[in-house]
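If you want the numbering used here, it's the position in the sequence shown, counting the first as 1, plus 664. Backbone N, C-alpha and C define an ideal beta-carbon position, used for all residues, glycine too. Being a predicted model, the structure only gives us computed values, none of them experimental. For reference, the structure is listed below as structure tokens.
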Amino acid sequence: MNLLLMIIGAIAAAVAVAFVVVKYLPLKLRWIPSVILLLLAIYLGIKIYDGILEPIKFNEEKIEKFSAVVDNLKIIRDAEVKYYEVNAQYTNDKAGLINFINTAKMAITETKTIVVQVNKGGGVIIDEEKKVTDTIGYEPVLKYFKGRNFTDMFKVPGVEGAEFEIEVGSVEKVPGLVVATFRARTPKKGILTGMNESLVKQEIEAIENDQIKGEYVSVGSLEEVTTGGNWPPAYDKKDGAKKDE
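Right, here's the structure in full:
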């Protein structure tokens with residue numbers, strides 16, 4: 665909008681200068697407005713160029729900032745999933761979750777099928793297959809976080825002193841079945857501080873499928889059973905690239 669107003673204003677100014685030149689200015693002085701118009705055209709060209717590039721630069725910088733935030737949210741998500749596997753619940757204790765990664769062990773299980781004899785009554789005995797799960801050992805949770813900076817996972821990258829909000833809750837998935845939930849998030853506005861306010865406002869209101877929707881970057885949900893994030897698949901592509909290397 666600012667760029668459009670600038671173009672309209674420049675056109676109006678050019679028309680006004682041309683009118684003054686034709687109507688009032690002596691022929692020998694007409695080089696002066698010509699120079700003014702030339703400078704005005706150069707200035708306007710620069711502003712138009714910057715106006716076109718600004719959203720492109722904003723998008724590039726935004727993706728870079730969001731990528732770092734998403735990386736930390738993925739670590740939080742994985743930590744919560746492992747915590748749930750061990751404790752059958754999620755946690756909002758940040759220090760406790762870091763300590764869990766450092767110290768906890770997970771059971772290694774093996775499921776096999778065995779045949780048991782079942783008495784059906786009346787002297788009828790039949791063989792039935794039955795699945796049995798046994799614990800065959802334990803492994804440290806820490807092995808799943810090798811090379812990942814989980815000790816700083818709650819810090820919001822690029823935002824001085826900010827930490828992710830983390831909440832736990834529950835959802836009744838079907839009548840009588842209550843399932844634990846968690847959510848970690850941080851406002852987009854804080855991540856994009858110092859950037860073009862108009863473009864930041866548009867980003868906060870984003871609803872497109874190829875954008876991070878809404879005013880937060882988040883993982884999990886308190887309203888539905890999910891451990892997914894609200895970012896589009898593009899933010900996961902680099903993870904795939906790393907695995908292929």
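Determine the DSSP secondary structure at residue i, reduced to helix, strand or coil.
| i | result |
| --- | --- |
| Glu724 | helix |
| Pro896 | coil |
| Pro839 | coil |
| Ile876 | coil |
| Thr775 | strand |
| Asn783 | strand |
| Lys810 | coil |
| Val889 | coil |
| Glu824 | coil |
| Tyr754 | coil |
| Phe846 | strand |
| Gly760 | helix |
| Thr767 | helix |
| Glu867 | helix |
| Gly709 | helix |
| Thr797 | strand |
| Gly858 | coil |
Can you say whether residue i is buried or exposed, counting buried as having 16 or more other CB atoms within 10 angstroms of its CB?
| i | result |
| --- | --- |
| Asn736 | buried |
| Leu717 | exposed |
| Lys729 | buried |
| Lys794 | exposed |
| Leu856 | buried |
| Ile789 | exposed |
| Ile696 | exposed |
| Ile727 | exposed |
| Gly904 | Residue placement at Gly904 is poorly supported in this model, since its pLDDT is 49, which falls under 50; the coordinates are not used for a value here. |
| Ile876 | buried |
| Lys784 | exposed |
| Glu869 | exposed |
| Glu872 | exposed |
Which same chain residues, not among the five before or five after residue i, have their C-beta less than 7 Å away from its C-beta?
| i | result |
| --- | --- |
| Tyr747 | Tyr754, Thr755, Leu761 and Phe764 |
| Val750 | Ala768 and Met770 |
| Arg885 | In the sequence as displayed, the identity of residue 885 is Ser instead of Arg. The residues are Thr845 and Arg847. |
Compare the Cα-Cα distances from residue i to each of the options and report the closest residue.
| i | options | result |
| --- | --- | --- |
| Ala743 | Leu841, Phe846 and Leu708 | Phe846 |
| Val745 | Lys769, Pro851, Thr891 and Glu869 | Thr891 |
| Glu887 | Val832, Gly858 and Lys852 | Val832 |
| Arg812 | Gln781, Leu704 and Lys738 | Lys738 |
| Phe809 | Gly840, Ile772, Gly787 and Asn766 | Asn766 |
| Trp895 | Leu704, Glu792 and Val733 | Val733 |
| Gln781 | Phe814, Glu792 and Leu703 | Glu792 |
| Ile772 | Leu701, Asp757, Asp798 and Lys852 | Asp798 |
Going along the chain, which residues of its own chain have a beta-carbon closer than 6 Å to the beta-carbon of residue i, five neighbours each way excluded?
| i | result |
| --- | --- |
| Arg849 | Glu829, Tyr880 and Ser882 |
| Ile740 | Met817 and Ala848 |
Cutting at 8 Å between CB atoms, please list the residues of its own chain near residue i, excluding the five before and the five after it.
| i | result |
| --- | --- |
| Val889 | Val835, Lys837, Val843 and Thr845 |
| Gly854 | Val820, Val823 and Ala826 |
| Val796 | Thr775, Lys776, Thr777 and Ile778 |
| Pro897 | none |
Check your understanding: Below 8 Å, can you find three or more Cβ-Cβ pairs linking the segment 822–831 to the segment 799–808?
Key -> no
Review point. Taking one C-beta from the segment 862–882 and one from the segment 717–730 each time, how about it: are there three or more such pairs within less than 8 Å?
Key: yes
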